[in-house]
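Undergrad: Questions regarding the structure given below will be posed in turn.
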Amino acid sequence: MTFNGELGLQFTTHIANQYKIPQIIELAELSAGENFSQIWVNDNLGYRNLYVVLTAIATKVPIKIGTAVTVPFYRNPIDFADILASLTELTDGREVSVGIGRGSIAQTGKEVSTPSPYSMLSETVTCVNQLLNGTKINFSDYPLLTSYFNLQEKGKMQMRFSPQAPIKFYLGGYGDMAMEVARKYMNGVLLGGMYLPLLRAGKINELYAKLNPKEPSDRNVDPLLLAEINVSVDPDHKAAMEFPKPYVAHALMTLKKTGFSDSDFQSVGVKPENVIKIYDTFNEGATIQEAAKLVTEEMVNATFIAGDADACIEGLAQCFNSFETQQLKQVVLAKLGPDYSQSIKTLSQDVLPSL
Numbered sequence: 000m001t002f003n004g005e006l007g008l009q010f011t012t013h014i015a016n017q018y019k020i021p022q023i024i025e026l027a028e029l030s031a032g033e034n035f036s037q038i039w040v041n042d043n044l045g046y047r048n049l050y051v052v053l054t055a056i057a058t059k060v061p062i063k064i065g066t067a068v069t070v071p072f073y074r075n076p077i078d079f080a081d082i083l084a085s086l087t088e089l090t091d092g093r094e095v096s097v098g099i100g101r102g103s104i105a106q107t108g109k110e111v112s113t114p115s116p117y118s119m120l121s122e123t124v125t126c127v128n129q130l131l132n133g134t135k136i137n138f139s140d141y142p143l144l145t146s147y148f149n150l151q152e153k154g155k156m157q158m159r160f161s162p163q164a165p166i167k168f169y170l171g172g173y174g175d176m177a178m179e180v181a182r183k184y185m186n187g188v189l190l191g192g193m194y195l196p197l198l199r200a201g202k203i204n205e206l207y208a209k210l211n212p213k214e215p216s217d218r219n220v221d222p223l224l225l226a227e228i229n230v231s232v233d234p235d236h237k238a239a240m241e242f243p244k245p246y247v248a249h250a251l252m253t254l255k256k257t258g259f260s261d262s263d264f265q266s267v268g269v270k271p272e273n274v275i276k277i278y279d280t281f282n283e284g285a286t287i288q289e290a291a292k293l294v295t296e297e298m299v300n301a302t303f304i305a306g307d308a309d310a311c312i313e314g315l316a317q318c319f320n321s322f323e324t325q326q327l328k329q330v331v332l333a334k335l336g337p338d339y340s341q342s343i344k345t346l347s348q349d350v351l352p353s354l
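Going by numbering that gives the first Met the number 0, the sequence shown opens with residue 0, and the numbers climb by one from there.
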């Protein structure tokens, strides 16, 4: 079955740290030339700044850009609104898509304090939307933001310029609270790197039901659905399996912390006791890279479509044929592989035409 929605790519700068910004621009140019519709970039402290990267792409490449995902704890909401509105002046009217989430369960809380993450998300999106719409805001209407970013309680703010393209917000996450926040405050949902194991465990339709409950809503349109499908494509099987292991370690810990049960892990081919080993190792102070040494090929296959072109054709065909994936507005092929240029060409020229 053909997927008729948009196809985007995610550049994960913390995994593909070897690419400097001029090279990232070249990769974005290649992606646009291969007819991908959008480039998404993730947000990590200590790596190349997400918004500098997006600005560099927007100045050179005629392609839609997005954040997948940005973290509200990292940026003052006024600065955030300024950044987004400024970006729209470079996109020739193309949407700036803002995937926004609480941050990595495994990492963000080790870097900054993260009080009331879903209140932070709802206040941030409401505040930023008001600013982008030209409304003069009162900081006192946003008590968590005011406290967290040391804003003056009696302060006010209004943007001095207007966005030149649409800005849409997509909740990056899953679970009951995430779906509730998305339904009330966002334009849609970007189901991140957990989409594949959740799909294989039969949990995606539950999320769709929570996002679109039967009771009446004050929304004029249903939330838009987007999802990342993790891929690692390379002609060398070992390289394709090794590349995603740091992310797999993070993904397994996130799944465990958010309620993925032993039977769920077993349903996707992962032994629960091996997940506990990674979980305990990380909690004892190991880095993601150190925890990644415990990741097995079965764990990679549970969270990624990994291997050569033929393996990716088979894995993506199963994904695209599912009812859940057919509901998506966009599939974002994420993480890509050890050689981005080769992966982009292989996906575009060998994999996708066969689906």
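Cβ coordinates follow ideal geometry from the N, Cα and C atoms, glycine included.
(1) Are the beta-carbon atoms of residue 125 and residue 99 separated by less than 9 Å?
(2) Thinking C-beta only, is residue 271 closer than 9 Å to residue 261?
(3) Taking residue 230 as the reference, which of 265, 310, 324 and 143 has the closest Cα?
(4) Can you give me the start and stop residues for the beta strand (DSSP E) that residue 191 sits inside?
(5) When the distance is taken between beta carbons, is residue 43 closer than 9 Å to residue 12?
(6) Thinking C-beta only, is residue 274 closer than 9 Å to residue 298?
(7) Do the CB positions of residue 226 and residue 191 come within less than 9 Å of each other?
(8) So residue 121 and residue 180 are in contact, right, with Cβ under 8 Å, and what is the actual spacing, rounded?
(9) Mapping DSSP to helix, strand and coil, what is residue 66?
(10) Could you pull out every residue in the same chain whose Cβ sits closer than 8 Å to the Cβ of residue 107, ignoring the five residues on either side in sequence?
(11) Rounded to the nearest angstrom, how far is the Cβ of residue 185 from that of residue 169, given a contact under 8 Å?
(12) Which class does residue 303 belong to by DSSP, given the choice of helix, strand or coil?
(13) Tell me which same chain residues have a C-beta within less than 8 Å of the C-beta of residue 343, skipping the five on either side of it?
(14) Name the DSSP beta bridge partners of residue 225, please?
(15) Using 10 angstroms around the beta-carbon of residue 41, count the other beta-carbons present and answer buried if the total reaches 16, otherwise exposed.
TA: Result, derived from the coordinates:
(1) Here residue 125 refers to the residue found at position 126 when the sequence shown is read from its first residue. Here residue 99 refers to the residue found at position 100 when the sequence shown is read from its first residue. In this structure, residue 99 does not lie closer than 9 Å to residue 125 by Cβ.
(2) Your numbering for residue 261 matches position 262 in the sequence shown. Your numbering for residue 271 matches position 272 in the sequence shown. Yes; because the gap between Cβ atoms is below 9 Å, this pair is in contact.
(3) Within the sequence shown, numbered from 1, the residue matching residue 230 stands at position 231. Of 265, 310, 324 and 143, the residue nearest in Cα terms is 310.
(4) Your numbering for residue 191 matches position 192 in the sequence shown. No residue range can be given for residue 191, since it is assigned to no beta strand (DSSP E) and is classified by DSSP as neither H nor E.
(5) Residue 12 sits at position 13 when you count from the first residue of the sequence shown. Residue 43 sits at position 44 when you count from the first residue of the sequence shown. Yes, Cβ-Cβ distance for residue 12 and residue 43 is below 9 Å.
(6) Position 299 of the sequence shown holds residue 298. Position 275 of the sequence shown holds residue 274. Taking 9 Å as the Cβ cut-off, residue 298 and residue 274 qualify as a contacting pair.
(7) Translated into the one-based positions of the sequence shown, residue 226 becomes position 227. Translated into the one-based positions of the sequence shown, residue 191 becomes position 192. Residue 226 places its beta carbon less than 9 Å from that of residue 191.
(8) In the sequence shown, the residue the question calls residue 121 occupies position 122. In the sequence shown, the residue the question calls residue 180 occupies position 181. Residue 121 to residue 180, Cβ: 5 Å. Contact.
(9) Looking up residue 66 in the sequence shown gives position 67. It is a strand residue.
(10) Within the sequence shown, residue 107 is the residue found at index 108, counting from 1. These residues qualify, in order along the chain: 70, 72, 101 and 113.
(11) Numbered from its first residue, the sequence shown carries residue 185 at position 186. Numbered from its first residue, the sequence shown carries residue 169 at position 170. About 6 Å; that satisfies the 8 Å criterion.
(12) For this step, residue 303 is matched to residue 304 along the sequence shown. If DSSP states are grouped into helix, strand and coil, residue 303 belongs with coil.
(13) Numbered from its first residue, the sequence shown carries residue 343 at position 344. Around residue 343: 8, 26, 29, 30, 33, 35 and 335.
(14) For the purposes of this step, residue 225 is taken as residue 226 along the sequence shown, with counting starting at 1. According to DSSP, which records beta bridges pairwise, residue 225 is partnered with 189 and 329.
(15) The residue given as residue 41 occupies position 42 in the sequence shown. Buried, by the Cβ-count rule.
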